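**Q**
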Amino acid sequence: MNDKLEIGDTKLDSRLFVGTGKFADYNLIPKVIKASKTQVVTVALRRVDFDTKGENMLKYLPKDVIIMPNTSGARNATEAVRIARIAREAGCGNWVKVEVITDQKYLLPDNFETIKAIEVLAKEGFVVFPYMSPDLMAAKRMADAGAAAIMPLGAPIGTNRGLKTKELIQILISEIDLPIIVDAGIGRPSEAAEAMEMGAAAVLVNTAIATANNPVLIAEAFGQAVEAGRKAYLAGPGATQQVASASSPLTGFLRDE
Amino acid sequence: MTFYDEVSKFQDTDFVEILNGFTTSQIARALDKSELQPQDFLALLSPKANDLLEDIAQAAHSVTLRNFGHTIFLFIPLYLANYCVNHCVYCGFNADNNIERRKLTLSEVENEAQAIAGTGMKHLLILTGESRLHSPVSYIKDCVSILKRYFPSVCIEIYPLSTDEYTELVGAGVDGLTVFQEVYDRNIYARVHPQGPKHNYQFRLEAPERAGQAGIRTINIGPLLGLNDWRSEIFMTGLHAAYLQKKFPEIEVSISCPRMRPEVGGYEAEFPVSDRDLVQLILALRLFLPRAGITISTRESAEFRDNLVKLGVTKMSAASSTAVGGYATAQHSLGQFEISDYRSVNEVYEAISHQGYKPVFKDWHDLSLVSDHV
Numbered sequence: 013m014n015d016k017l018e019i020g021d022t023k024l025d026s027r028l029f030v031g032t033g034k035f036a037d038y039n040l041i042p043k044v045i046k047a048s049k050t051q052v053v054t055v056a057l058r059r060v061d062f063d064t065k066g067e068n069m070l071k072y073l074p075k076d077v078i079i080m081p082n083t084s085g086a087r088n089a090t091e092a093v094r095i096a097r098i099a100r101e102a103g104c105g106n107w108v109k110v111e112v113i114t115d116q117k118y119l120l121p122d123n124f125e126t127i128k129a130i131e132v133l134a135k136e137g138f139v140v141f142p143y144m145s146p147d148l149m150a151a152k153r154m155a156d157a158g159a160a161a162i163m164p165l166g167a168p169i170g171t172n173r174g175l176k177t178k179e180l181i182q183i184l185i186s187e188i189d190l191p192i193i194v195d196a197g198i199g200r201p202s203e204a205a206e207a208m209e210m211g212a213a214a215v216l217v218n219t220a221i222a223t224a225n226n227p228v229l230i231a232e233a234f235g236q237a238v239e240a241g242r243k244a245y246l247a248g249p250g251a252t253q254q255v256a257s258a259s260s261p262l263t264g265f266l267r268d269e
Numbered sequence: 030m031t032f033y034d035e036v037s038k039f040q041d042t043d044f045v046e047i048l049n050g051f052t053t054s055q056i057a058r059a060l061d062k063s064e065l066q067p068q069d070f071l072a073l074l075s076p077k078a079n080d081l082l083e084d085i086a087q088a089a090h091s092v093t094l095r096n097f098g099h100t101i102f103l104f105i106p107l108y109l110a111n112y113c114v115n116h117c118v119y120c121g122f123n124a125d126n127n128i129e130r131r132k133l134t135l136s137e138v139e140n141e142a143q144a145i146a147g148t149g150m151k152h153l154l155i156l157t158g159e160s161r162l163h164s165p166v167s168y169i170k171d172c173v174s175i176l177k178r179y180f181p182s183v184c185i186e187i188y189p190l191s192t193d194e195y196t197e198l199v200g201a202g203v204d205g206l207t208v209f210q211e212v213y214d215r216n217i218y219a220r221v222h223p224q225g226p227k228h229n230y231q232f233r234l235e236a237p238e239r240a241g242q243a244g245i246r247t248i249n250i251g252p253l254l255g256l257n258d259w260r261s262e263i264f265m266t267g268l269h270a271a272y273l274q275k276k277f278p279e280i281e282v283s284i285s286c287p288r289m290r291p292e293v294g295g296y297e298a299e300f301p302v303s304d305r306d307l308v309q310l311i312l313a314l315r316l317f318l319p320r321a322g323i324t325i326s327t328r329e330s331a332e333f334r335d336n337l338v339k340l341g342v343t344k345m346s347a348a349s350s351t352a353v354g355g356y357a358t359a360q361h362s363l364g365q366f367e368i369s370d371y372r373s374v375n376e377v378y379e380a381i382s383h384q385g386y387k388p389v390f391k392d393w394h395d396l397s398l399v400s401d402h403v
């Protein structure tokens, strides 16, 4: 089956992106990557210790994965742009997940500042993945500003509550001509599969893997769930019927003319 | 409106009566909620909640894990000066105490910075006593400009400043403020801070809000446990943190729960807090404020700190000295108080890792060196 996720010139076999925060041990990260078969990992630049004496998390990442630095900690477009530039200069490539959070209580993204950051970064040649609250108009502006994909949240970061914003994400999938990658909130492989069945292009998972009792095993499960959900989407499942077929049809009196 | 108005509403509240009135079923209900109201928080602080401590611990552990993962952030304090005009009855730096007073020269600051940076620590907290004569804002600013070359994050724990002064220090690269109200009860506050600028309760209480207006990134508040009954003090601290979260949603708010330690003046805590009490109050804070940082310093013993790793704490200091300088400068002055955890950075790192947690040295990146020019 030739089903690749295309982002610019890049073609990906895996539709699972994995976050690297919250792990108890950096040695787990390469194992999680291998088990999940992911090809894209996000890394918070704020946590990367470029100092050679320190523990640099980037050293734990296999050479063949794409690093997608994120702008965690940015409170406005200016800070997000600065973080993206630092990441690129540090050799993290030109993919960037723009995350502008002005609310530390729920960690909800600021769509307005995010749009401003995309405008600057896309012009500078970054491949921009904005993390956003699922809102159609904001997603359209992000697409117009040059985003490579749109990353709506399923539920607030770290809640593991699943696809609480399902209806709104469905609208983005229908209306936006960019890959829709569900980011945040996915707590279980079944929810990842559900997002893929809906037609999401990919999902990003961090907390659910990093805080599981067995992160490597659940990473594998997430990889399989994403694949299964994608296949189901491509297969086009049979329509579900809400009511049983009526034995006395209401339109039975209509005769063929 | 400031938090001062909120505190005023509780002026005549009889906390003892309310706290003793909670039943086990009220506590169980509070534990069941995904978002706790102040009343639920108070229930978890009540004497009765002690009976459900293990259940509360399990809930708090899971909330912490979802929000922070298996991580503990590390920081280290550096005392720049111990000159002080205040008369806090519980503090080793009290103006009345006959101790050697000194402040670091700028070249000593540089030496200290190198010694600390050599341990791998990245988040620095700088402290002074209150002396606008010996450690004015201009001195602190000079120190910050040196320290920023070594540390991605420099936070201050100094006397309360005006909004303009906070703005000046934020501009110099300070990203966090720690300021302890010490005690929220106004009568006790007046008694333990009899003279000096610190006698002004309201000016201190509103310091975090002034720093918030000045654009600070992180705020850490707390009571000094031992000065008053911990249950009502932690309740007010929790409300203060929630107030700051709501007023400044972009700021990361954290809470410290320092227990009084022996100091040179020999002051004894009037309201001692047991280990079990400390655990209960940390758990209650965690459930009331799932996203807030909770800080534990080297005031607590190594063994106790290791056990707290899984109970809601998210930040720890390590290898701390509470004397001026203390990392590189040969001539050590007497500390502000005695610490209890004497382990090195490496030993603390190993101990946290042993608990199945990742010690995080770096959680911020200095953005001031990048140009905005497109």
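Protein chains in written order, with our numbering: chain A, 13 to 269; chain B, 30 to 403.
Heads up, the beta-carbon is just placed ideally off N, CA and C, and yes, glycines get one too.
Bear in mind the structure is a predicted one, so any value in this text is a computation, not a measurement.
When we look at the beta-carbon of B/L254 and count the other beta-carbons within 10 Å, is it buried (16 or more) or exposed?
**A** Its Cβ being crowded by 16 or more others within 10 Å, B/L254 is buried.
**Q** With 8 Å as the threshold, decide whether the Cβ of B/L396 is near any Cβ in chain A.
**A** Yes, B/L396 lies at the interface with chain A (some Cβ there is under 8 Å from its Cβ).
**Q** Taking the alpha-carbon of A/T54 as reference, which of A/F62, A/M69, A/D15 and A/G211 has the nearest alpha-carbon?
**A** For A/T54, the nearest C-alpha among the options comes from A/M69.
**Q** List the residues of chain A that B/E64 touches, going by C-beta distances under 9 Å, in chain order.
**A** Chain A residues near B/E64: none, gap ~10 Å exceeds 9 Å.
**Q** What's the C-alpha gap between B/V403 and B/A146?
**A** In this prediction, B/V403 scores a pLDDT of 46, lower than 50, which makes its location untrustworthy; no coordinate-derived value is stated.
**Q** Can you tell me which of the three DSSP states A/K34 falls into?
**A** Note: A/K34 maps to coil in three-state DSSP.
**Q** For B/G364 and A/R97, I'd like the C-alpha separation in whole angstroms.
**A** So the alpha carbons of these two residues sit roughly 43 Å apart.
**Q** Shorter than 8 Å from the beta carbon of B/K391 to some beta carbon of chain A?
**A** Yes, because at least one Cβ of chain A sits closer than 8 Å to the Cβ of B/K391.
**Q** By the criterion of Cβ-Cβ separation under 7 Å, what are the contact partners of A/E7 in chain B?
**A** Outside the displayed range of chain A (13 to 269) lies residue 7 of chain A, so it cannot be described from this structure.
**Q** Quick one: list the residues of chain B neighbouring A/G33, beta-carbon separation under 8 Å, in chain order.
**A** Simply G98 and T100.
**Q** For the candidate residues A/I45, A/A213 and A/N123, whose alpha-carbon lies nearest to that of A/P146?
**A** For A/P146, the nearest C-alpha among the options comes from A/N123.
**Q** For a test of the three-state rule: what should DSSP assign to B/W393, helix, strand or coil?
**A** Of the three classes helix, strand and coil, the one that applies to B/W393 here is coil, per DSSP.
**Q** Answer yes or no: do B/R320 and A/K117 have a C-beta to C-beta separation smaller than 8 Å?
**A** Yes.
**Q** Answer yes or no: do B/E186 and B/L154 have a C-beta to C-beta separation smaller than 8 Å?
**A** A contact, by the Cβ cut-off of 8 Å.
**Q** Rounded to the nearest angstrom, how far is the Cβ of B/K339 from that of B/Q384, given a contact under 8 Å?
**A** Confirmed, Cβ separation roughly 6 Å.
**Q** Any idea which residues DSSP pairs B/L253 with across the strands?
**A** B/L253 pairs with nothing; no bridge assigned.
**Q** For A/A157, I'd like the list of residues in its chain whose CB is within less than 7 Å of its CB, leaving aside the five on either flank, ordered along the chain.
**A** Cβ within range, chain order: I127, I130, E131 and A134.
**Q** Between the alpha carbons of B/R58 and B/L71, how many angstroms are there, rounded?
**A** Using only the alpha carbons, I get a separation of about 12 Å.
**Q** Going along chain A, which residues have a C-beta under 7 Å from B/L94?
**A** Within chain A, the residues near B/L94 are T223.
**Q** For B/Q274, which residues in chain A fall below 8 Å Cβ to Cβ?
**A** Residues of chain A passing the Cβ test: Q116 and K117.
**Q** What is the DSSP secondary structure of B/V403, counted as helix, strand or coil?
**A** Per-residue confidence for B/V403 stands at a pLDDT of 46, beneath the threshold of 50, marking its modelled position as unreliable; the derived number appears in the next sentence. Correct three-state label for B/V403: coil.
**Q** Which residue comes first and which comes last in the beta strand (DSSP E) that contains B/I21?
**A** With chain B covering only 30 through 403, there is no way to say anything about residue 21 of chain B.
**Q** Identify which residue in A/V140, A/T223, A/L175 and A/I113 has its Cα closest to the Cα of A/S202.
**A** Per the Cα distances, A/L175.
**Q** With a threshold of 8 Å, are at least 3 pairs of Cβ atoms found where one atom belongs to the stretch 176-190 of chain B and the other to the stretch 227-242 of chain B?
**A** They touch, by the three-pair rule.
**Q** What three-state label does DSSP hand A/D25 in the structure shown?
**A** Coil at A/D25, not helix or strand.
**Q** Which bits of chain B does A/I175 rub up against, with CB to CB less than 7 Å?
**A** Correcting the residue type first, residue 175 of chain A is Leu in the shown sequence and not Ile. Those do not exist, as A/L175 stays about 17 Å from chain B at its closest Cβ, beyond 7 Å.
**Q** Helix, strand or coil, according to DSSP, for B/R131 in the structure here?
**A** Three-state result, B/R131: coil.
**Q** Would a check of beta-carbon distances place B/P67 closer than 8 Å to chain A?
**A** False, the Cβ-Cβ gap to chain A never drops below 8 Å.
**Q** At the 8 Å Cβ level, is A/D195 part of the contact set with chain B, yes or no?
**A** It does not: the Cβ of A/D195 has no partner Cβ on chain B nearer than 8 Å.
**Q** So, does the CB of A/A129 fall closer than 8 Å to a CB anywhere in chain B?
**A** Chain B, which has no Cβ nearer than 8 Å to the Cβ of A/A129, makes this no.
**Q** Can you tell me the Cα-Cα spacing of B/S330 and B/D306, whole angstroms?
**A** C-alpha separation (whole angstroms): 15 Å.
**Q** Please go through the stretch 76-135 of chain B and give each complete beta strand (DSSP E) segment of 3 or more residues, from N-terminal end onward.
**A** Taking only runs of at least 3 residues, the beta strand (DSSP E) segments lying wholly in the stretch 76-135 of chain B are 100-110.
**Q** Tell me which residue opens and which closes the alpha helix (DSSP H) that B/F232 is part of.
**A** Element bounds for B/F232: Y230 to L234.
**Q** Among B/G200, B/V199, B/K132 and B/C184, which has the Cα closest to the Cα of B/Y20?
**A** The structure shown has nothing for residue 20 of chain B, since chain B only spans 30 to 403.
**Q** Tell me the rounded alpha-carbon separation between A/I57 and A/G31.
**A** Note that residue 57 of chain A is Leu in the sequence shown here, rather than Ile. If you take the alpha carbons of A/L57 and A/G31, they lie about 12 Å apart.
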